[in-house]
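Worksheet for the structure shown next.
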Amino acid sequence: MLLDKKTTIEEAIGRIKDGDSVMLGGFGVPGTPFCLIQELVRQGQKDLTVIKNDANEKGMGVDWLLENGQVRKLITSHIGLNARAVELKNNGSVEIEFVAQGILAERVRAAGAGLMGFVSDIGIDTEFADGKQQVELNGKVGLLEPAINADFALVHAQSADSFGNLRFSGTAMNFNPLMAMAADTVIVETESYVALGDIQPEDIHCPGPFTDAIVELSDLPEVYGVVQR
Amino acid sequence: MLLDKKTTIEEAIGRIKDGDSVMLGGFGVPGTPFCLIQELVRQGQKDLTVIKNDANEKGMGVDWLLENGQVRKLITSHIGLNARAVELKNNGSVEIEFVAQGILAERVRAAGAGLMGFVSDIGIDTEFADGKQQVELNGKVGLLEPAINADFALVHAQSADSFGNLRFSGTAMNFNPLMAMAADTVIVETESYVALGDIQPEDIHCPGPFTDAIVELSDLPEVYGVVQR
Amino acid sequence: MSFNARDRMIARAARDIQPGMTVNLGIGLPTKVVNFIPKDFPVCFHSENGISGVGPVLSNDDADRNLIDAGGAYVSPLPGTAYFDSATSFAMVRSGRLSLTLLGAFQVAANGDLANWKIPGVFAPGIGGAVELAQKARKVAVLTTHCDKKGRSKIVETCSLPLTAKSCVDRIYTDMAVIDVSDNGLVLREVAEGLTVSDVVAATDAKLNVPAGTCPTF
Amino acid sequence: MSFNARDRMIARAARDIQPGMTVNLGIGLPTKVVNFIPKDFPVCFHSENGISGVGPVLSNDDADRNLIDAGGAYVSPLPGTAYFDSATSFAMVRSGRLSLTLLGAFQVAANGDLANWKIPGVFAPGIGGAVELAQKARKVAVLTTHCDKKGRSKIVETCSLPLTAKSCVDRIYTDMAVIDVSDNGLVLREVAEGLTVSDVVAATDAKLNVPAGTCPTF
């Protein structure tokens with residue numbers, strides 16, 4: 000038999016403390032764990048280091064945390080769609096660390112794979128290499144990219160069972176399974192809570208041993224829908 | 000529309016030249032591309048560097064290549080079930096490079112991810128660290144593990160479509176998708192050749208852009224079956 | 000730039016896409032290239048948020064809320080489309096599986112240096128996936144207006160803006176010309192219909208090598 | 000070693016598996032532990048060839064040819080079993096997702112050093128996955144006969160064989176005793192039914208600390 004990890008959203012998010020580092024899945028809207036973020040805003044933990052591909056758009060997701068002053072530092076690849084994030088960066092009230100998107104994904108995965116880091120030639124000979132340790136390997140110089148781990152990952156899954164086996168929909172996969180690998184405690188919100196065995200063993204995108212707490216969403220707020228531009 | 004990569008086993012294996020490096024999927028029997036290996040034995044390319052988790056058992060898979068004298072070097076995690084491999088190692092006629100299993104998987108994946116290598120503390124302070132370059136990262140010493148790429152990967156898939164989207168069955172996945180990422184040319188044998196779109200986009204274990212040639216197996220030789228011990 | 004000139008440059012870039020290619024189209028103009036590819040042409044479009052086999056853009060009414068491209072457009076699957084995580088997506092990029100990427104540009108230099116992500120003090124939203132596309136696609140082409148909004152040439156001797164990647168660009172498509180980056184500098188290959196070689200040379204900050212004979216138009 | 004002694008040591012190791020653990024059972028004796036776990040006990044067995052939620056071993060007649068564990072036994076899925084590739088499997092190991100691994104041993108030293116993969120000149124088939132299991136499982140226990148076939152203690156002051164990993168073992172289960180590795184050396188926790196503390200001390204090459212009072216039996 001496999002452990003039952005189902006819990007309430009309050010209990011799960013209540014495990015996060017002031018000063019913790021929190022990874023958030025999602026690339027734009029798809030895969031962003033809006034309900035978990037909402038609960039994090041409600042509980043109000045401060046001084047968070049947030050790791051997310053992008054800063055969402057104004058009025059959604061990461062932006063709620065920024066608006067509520069809960070973020071000390073944001074590690075991200077792109078904030079161009081969020082004017083508040085740009086402003087907070089410019090006035091110095093939130094520290095922003097930019098990481099090239101694929102390097103961010105890989106540094107998160109490296110933590111999830113229990114590695115210390117990896118060596119790549121991405122960004123070499125440009126300002127992306129500034130401050131990075133160089134390593135010579137087979138006569139070629141590369142940059143040392145340290146793994147990025149976190150205290151928590153908040154993950155959005157299409158479906159999940161009680162053991163925390165996960166499945167994602169479309170491009171809502173993105174950073175979710177990587178962050179589930181990388182964080183010490185992995186909290187999952189799911190649109191569809193299914194029975195053990197309902198997801199075939201070959202169809203599981205993220206195996207249960209990576210996850211810790213499963214929260215079933217009742218109905219999906221509008222923010223998960225198609226963005227009307 | 001997506002490119003049709005279906006071809007014959009003769010044409011596909013005919014791309015391999017003497018001296019090439021060839022990755023073979025599989026962990027024990029499951030996932031080993033026996034038919035592709037058989038054709039490689041028939042064509043007789045020499046001086047191959049073979050990368051495979053294990054040396055199979057005597058009388059199957061890698062052992063055919065060893066018996067036929069086609070292997071110059073074998074990079075592997077374990078050869079304990081193949082007495083011929085042990086003998087060839089001991090008499091020096093085949094060079095064997097042992098790599099810890101997870102490090103082998105990760106070094107193959109690193110090549111598939113276009114990385115130069117990674118840093119890990121696995122094997123530190125033991126003889127596994129002998130000859131490995133050390134790297135200091137955040138005050139901790141790790142070992143630099145170079146990516147392992149190859150000219151070819153031979154992969155066994157449960158199902159494949161004409162674009163080379165792949166799906167694996169059970170534990171026959173193992174090294175197959177990693178090697179498909181890592182090799183310059185990826186040759187796939189499949190038990191079930193399916194129409195484009197028959198595998199749902201979320202159910203694809205290895206996306207088509209990684210693969211190059213798809214070979215449909217007619218019927219499966221006995222060697223793929225349950226091993227009678 | 001007239002609507003026709005814009006369409007012509009996009010169509011011209013589309014014509015260089017070869018059968019069997021895997022192609023990543025950057026956000027903005029490059030995305031439009033897909034409209035000029037015949038339906039039965041064998042090409043695989045990749046989007047770095049985790050799709051191979053990107054299908055046509057859908058209206059909001061037809062959209063799947065979970066299916067966007069890297070630019071945020073709602074796209075559709077094709078028979079043979081695959082979805083995957085962001086690490087796998089960039090594994091595909093860095094391991095050289097992209098035959099071609101078409102990118103926008105602020106500046107392209109005579110040696111193929113590309114600047115397309117940052118204007119210090121003005122615009123610095125982060126690099127996104129551009130550096131890896133520019134550095135690792137087997138062919139990198141730029142699709143851009145020849146001049147910026149102030150009329151300054153985007154094709155320059157040396158980039159003044161921070162680079163995305165060094166010496167990465169192979170070919171440049173603009174509303175005025177098709178230009179190759181060669182070991183000996185920029186080579187003018189084609190001029191837009193209605194323009195002369197002199198028009199292009201005059202509008203270009205960088206030195207253009209002009210082969211002898213008539214320059215083809217597009 | 001009598002059949003009962005063997006079963007008792009395996010059952011004893013099984014009793015230390017806590018609800019909710021993810022456990023990797025090494026090839027050989029450790030694999031047998033699964034037979035002593037109640038069916039409704041919440042534990043997830045991991046096999047490094049790419050399974051979480053390993054179910055019971057099947058006979059050849061019932062076997063799925065594509066479903067083996069890392070030792071080559073034909074196993075079965077449970078509700079909630081997942082399959083994954085070898086990189087993901089060892090990602091799980093190295094990132095600390097294994098609560099416990101039970102491994103075989105040639106030698107265990109007083110400081111927890113483990114040697115279980117190589118006998119120079121005699122046996123060197125490659126390390127397989129053992130080094131990563133030994134180094135990264137949150138708890139590492141050894142399940143082994145107390146002595147080798149020649150009657151020599153496997154529990155030694157210092158390993159003479161090449162190490163799998165340094166100072167990794169937390170607890171040792173043998174047919175004679177349960178022994179903990181502490182900062183102050185080995186501590187005898189339990190002796191097998193029918194044996195005395197002196198029997199165990201006499202059969203053990205390494206120094207054993209014996210707490211005061213009666214030593215529990217198992």
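Chains as they are written, first to last, in numbering that gives the first Met the number 0: chain E, 0 to 228; chain G, 0 to 228; chain V, 0 to 217; chain X, 0 to 217. Even for Gly, the Cβ is constructed at its ideal location relative to N, Cα and C. What you are looking at is a predicted structure, and each value in this text was computed from that prediction instead of being measured.
Within its chain, find whatever has a CB closer than 6 Å to the CB of residue i; leave out the 5 residues flanking it on each side and keep chain order.
i	result
E/P145	G116
G/V61	K51, A54, N55
E/L153	L23, P32, L35, I186
E/D120	G141
E/A182	M22, A149, F151, A152
V/P29	L101, L142
Measure the C-alpha to C-alpha separation of residue i and residue j and round it to an integer number of angstroms.
i	j	result
V/A164	E/V118	18 Å
V/E192	V/E131	34 Å
V/V177	V/I16	14 Å
G/S76	G/N175	15 Å
E/R83	V/G120	17 Å
G/E66	G/S92	11 Å
X/S152	X/W116	17 Å
V/G25	V/T143	11 Å
E/I135	G/Q132	In the sequence as displayed, the identity of residue 135 of chain E is Glu instead of Ile. Distance between the alpha carbons of E/E135 and G/Q132 is about 10 Å.
X/L97	X/L194	33 Å
V/V196	V/D61	46 Å
G/W63	G/G25	15 Å
X/K149	X/A201	15 Å
E/G196	X/G79	5 Å
G/T6	X/F122	43 Å
G/E201	V/V199	48 Å
Assuming residue i and residue j are in contact, meaning their beta carbons sit under 8 Å apart, how far apart are those beta carbons, in whole angstroms?
i	j	result
G/Y223	G/V28	7 Å
X/A205	X/A108	7 Å
E/A156	E/T125	Not a contact, Cβ separation roughly 36 Å.
E/F167	E/G30	7 Å
E/E105	G/A104	Rounded, the Cβ-Cβ distance is 16 Å, inconsistent with contact.
X/C214	X/E189	7 Å
X/G74	X/T100	One detail in the question is off: residue 74 of chain X reads as Val in this sequence, not Gly. The pair is not a contact, with the Cβ atoms about 17 Å apart (cut-off 8 Å).
V/G125	E/G79	7 Å
Suppose contacts are defined by Cβ-Cβ distances below 7 Å. Is residue i in contact with residue j by that definition?
i	j	result
X/A133	X/L113	yes
V/D174	V/M8	yes
G/N173	X/S85	yes
X/N65	G/A171	yes
X/V53	X/A72	no
X/S51	X/A13	no
E/K45	E/D17	yes
X/V168	X/G111	yes
G/I147	G/A110	yes
E/L177	E/R108	yes
G/I213	G/K4	yes
E/Q37	E/I12	no
X/L77	X/V141	no
E/S217	E/S191	no
Could you name the residues of the same chain whose beta carbon sits closer than 8 Å to that of residue i, not counting the 5 residues immediately before and after it, in chain order?
i	result
V/N208	S181, N183, G184, L185, V186, L187
X/I118	F105, L160
V/V155	Q106, V107, A108, A109, D204, A205
Tell me whether residue i, by its Cβ, gets closer than 6 Å to a heavy atom of the ligand SAH.
i	result
V/Q106	For the structure depicted, the ligand SAH is absent and the ligand set is empty, with no information on it obtainable.
Just to confirm my understanding: we take residue i, look at its own chain, exclude 5 residues before and 5 after, and list those with CB closer than 7 Å. What are they?
i	result
G/G207	L1, F162, G163, N164
E/T184	R14, D150, F151, D211
V/F83	G49
X/A4	D174, A191
E/V226	V28
What alpha helix (DSSP H) runs, 4 residues minimum, are completely inside the region 7-78 of chain G? DSSP runs (the alpha helix (DSSP H)) wholly in the region 7-78 of chain G: 8-12, 33-42, 61-66.
Please specify which runs of the alpha helix (DSSP H), each continuous and at least 4 residues long, are wholly inside the region 140-200 of chain E, giving them in chain order. Runs of the alpha helix (DSSP H) spanning 4 or more residues and lying entirely within the region 140-200 of chain E occur at 175-181, in chain order.
At 4 residues or longer, and completely inside the region 66-143 of chain V: list those alpha helix (DSSP H) runs for me, N to C. The region 66-143 of chain V contains these whole alpha helix (DSSP H) runs: 85-93, 129-135.
Taking only runs of the alpha helix (DSSP H) that begin and end inside the region 159-205 of chain V, which ones reach a length of at least 4 residues, in chain order? As far as the region 159-205 of chain V is concerned, its whole alpha helix (DSSP H) runs of at least 4 residues are 196-202.
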